[in-house]
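>
2 protein chains.
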Amino acid sequence: MYFGDPARFPYGTKSADTITRFAVEDAGFLLSRGVKLVIVACHSASSAALPELERRLTVPVFGVVEPGARAAVKMTRSNRIAVIGTNATIASGAYEHAIRRLKPDVEIVAKPTPLFVPLAEEGWLDNEVAEAVARRYLAGLADEGVDTLLLGCTHFPLLACVIGRVLGPKVGLVDSSEETAASAAELLAGQGLLNPGGPVRHRFYLSDLAPNFQTVGERFLGEPMGDVMRASVGEAPERMQ
Amino acid sequence: MYFGDPARFPYGTKSADTITRFAVEDAGFLLSRGVKLVIVACHSASSAALPELERRLTVPVFGVVEPGARAAVKMTRSNRIAVIGTNATIASGAYEHAIRRLKPDVEIVAKPTPLFVPLAEEGWLDNEVAEAVARRYLAGLADEGVDTLLLGCTHFPLLACVIGRVLGPKVGLVDSSEETAASAAELLAGQGLLNPGGPVRHRFYLSDLAPNFQTVGERFLGEPMGDVMRASVGEAPERMQ
């Protein structure tokens, strides 16, 4: 069960207070639908809101920062990791903390690269604009001895091709999604909560049925999204009458 | 008195329903502070929400579409006007309607140019990325005989330099802000509501005190914003207890 918040998207430009308020409302919606686990599949929300969600939710909750940090630490040989993300994610310092907890002697270069988000939304994944943006943000990283780049935003894997080309073959890219999925499976197995199998049904709830969302969603998913329903999350009381 | 909605910004990627809901809440906040006139100084909100606001508000309200259309019609000699804006503004067709109401025989080329918004937010107003984006969106417009480009989004005047260079000297740029201010002054004078003079005090209310907003705001305003206050607009009931 997926909840997306296009009505208030993007989160990465907002303050930690506002992101936390939104994330609590979003998780509340999923809980009201009876989920057994919540994955905060947004780096800005994971960075800002995880402690508050852990305090409030009655089911296990985890974010993408910890799994991403784990994957990056596994990959680096030079002990220099670069992290890119939205303004909110980088300002939070969440990745530095998570990486240092795992390996205190790693050097970390953290850099906000906010324009990658609208580039991916626009579908300009590998043209001359994407390349100019990647060069402006990332030129010089390989010279600093960085051998691992953590893609600290859900949108960035769509731009992996152009990012990899600009950085050259010496820098590996880390996408936290697989590590996150593995952690979720492990946690559910450990608690005896895994589904017995059978057909999987995806349900997509969105706070706004914006015309572009399905296009972008299917670009991520790699398959049709099927039925998408509107969810009234974060609406002011006047509208609820 | 200015209300900005960075908590839910940007509006231009959202559906007309959601933009209208937000705009009604925003205007309600300003009315609760006793304003005598509301200017919808956002092209996406003007395009989507003006009829609903006119129905609901007890004070005069107007948007930036009508003044922009008027300025463009005044400028064109070739009778070919191009309009650029967010996805929401262009999808609404509001500019085509407004221009055709003033001059039915004008040819209009309408084109969404959504990446100009985050470019302006990032402060990349005239570098190689801004130029590549402008070329990709606008190349060919001058060849189509267009002599007037309507900048149909509050952010676009910040990029006027690079947009003008890409289009060449035969295309004039229209920014609706001056025409909008003149219309406001005229309306207030006509109703005897103009202030008698004296010192002006600006008050800025924001739905989120996001770190970047003041920087971008002062880039627009050309002077310090002074005191900025947080306004709880559009918050869900759980938060209001």
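Residue numbers (the working numbering), protein chains in the order written: chain D, 1 to 241; chain B, 1001 to 1241.
Cβ atoms here follow ideal geometry from the backbone N, Cα and C, with glycine treated the same way.
(1) Which residues of the region 85–112 of chain D have a Cβ closer than 9 angstroms to any Cβ of chain B? Give them in chain order.
(2) Is D:Met75 helix, strand or coil by DSSP?
(3) Could you list the residues in the region 1209–1228 of chain B with a C-beta less than 9 angstroms from some C-beta on chain D, going in chain order?
(4) Quick one: what does DSSP say B:Gly1164 is sitting in, helix, strand or coil?
(5) If you draw a straight line from the C-alpha of B:Arg1136 to the C-alpha of B:Lys1111, how long is it?
(6) Which of the three DSSP states, helix, strand or coil, is assigned to B:Tyr1011?
(7) Looking at B:Tyr1205: is its Cβ nearer than 8 angstroms to the Cβ of B:Ala1231?
(8) Just to confirm the assignment: which complete beta strand (DSSP E) runs, minimum length 3, are found wholly within the region 1075–1147 of chain B?
(9) Start and end of the alpha helix (DSSP H) containing B:Phe1156?
(10) Can you tell me the Cα-Cα spacing of D:Tyr11 and D:Ala88, whole angstroms?
(11) Whole angstroms are fine: how far does the CA of D:Ser176 sit from the CA of B:Pro1157?
(12) State buried or exposed for B:Gly1226, treating a residue as buried only when at least 16 other CB atoms are found within 10 Å of its CB.
(13) Against chain D, with Cβ distances strictly below 8 angstroms, would B:Lys1036 count as a contact?
(14) Exposed or buried, what is D:Lys14 when buried is set at 16 or more other beta-carbons lying within 10 Å of its beta-carbon?
(15) Please report the distance separating the alpha-carbon of B:Thr1018 from that of D:Glu66.
(16) If I measure Cβ to Cβ from B:Ala1082 and keep anything under 6 angstroms in the same chain, skipping five residues before and after, which residues do I get?
(17) Give me the Cα-Cα distance between B:Thr1058 and B:Ala1132, rounded to the nearest whole angstrom.
(18) By how many angstroms is the C-alpha of B:Arg1100 removed from the C-alpha of B:Val1106?
(19) D:Leu209 to B:Asn1127, Cα distance in whole Å?
(20) Comparing C-alpha positions only, which one of D:Glu179, D:Val24, D:Lys36, D:Gly85 sits nearest to D:Leu194?
(21) Can you check which of these residues, D:His155, D:Met229, D:Thr86, D:Cys42, is closest to D:Glu121 by C-alpha distance?
(22) Taking the alpha-carbon positions, what's the B:Ala1007 to D:Arg8 distance?
(23) Take B:Leu1138 as the anchor and find which of B:Ala1041, B:Pro1114, B:Val1040 has the nearest alpha-carbon.
Short version:
(1) Asn87, Ala88, Ala91
(2) Of the three classes helix, strand and coil, the one that applies to D:Met75 here is helix, per DSSP.
(3) Correct list: Leu1209, Ala1210, Pro1211, Asn1212, Phe1213.
(4) helix
(5) 12 angstroms
(6) Three-state result, B:Tyr1011: coil.
(7) yes
(8) Uninterrupted beta strand (DSSP E) stretches at least 3 residues long and entirely within the region 1075–1147 of chain B occur at 1080–1085, 1107–1112, given in chain order.
(9) Segment: none, B:Phe1156 is in no alpha helix (DSSP H) and carries neither H nor E.
(10) Approximately 8 angstroms, taken between the alpha carbons.
(11) 38 angstroms
(12) exposed
(13) No, no contact with chain D.
(14) buried
(15) 34 angstroms
(16) Val1109, Leu1141, Val1146, Leu1149
(17) 45 angstroms
(18) Take the alpha-carbon of B:Val1106 and the one of B:Arg1100: they are about 7 angstroms apart.
(19) 35 angstroms
(20) D:Lys36
(21) The candidate whose alpha carbon is nearest that of D:Glu121 is D:His155.
(22) 7 angstroms
(23) B:Pro1114
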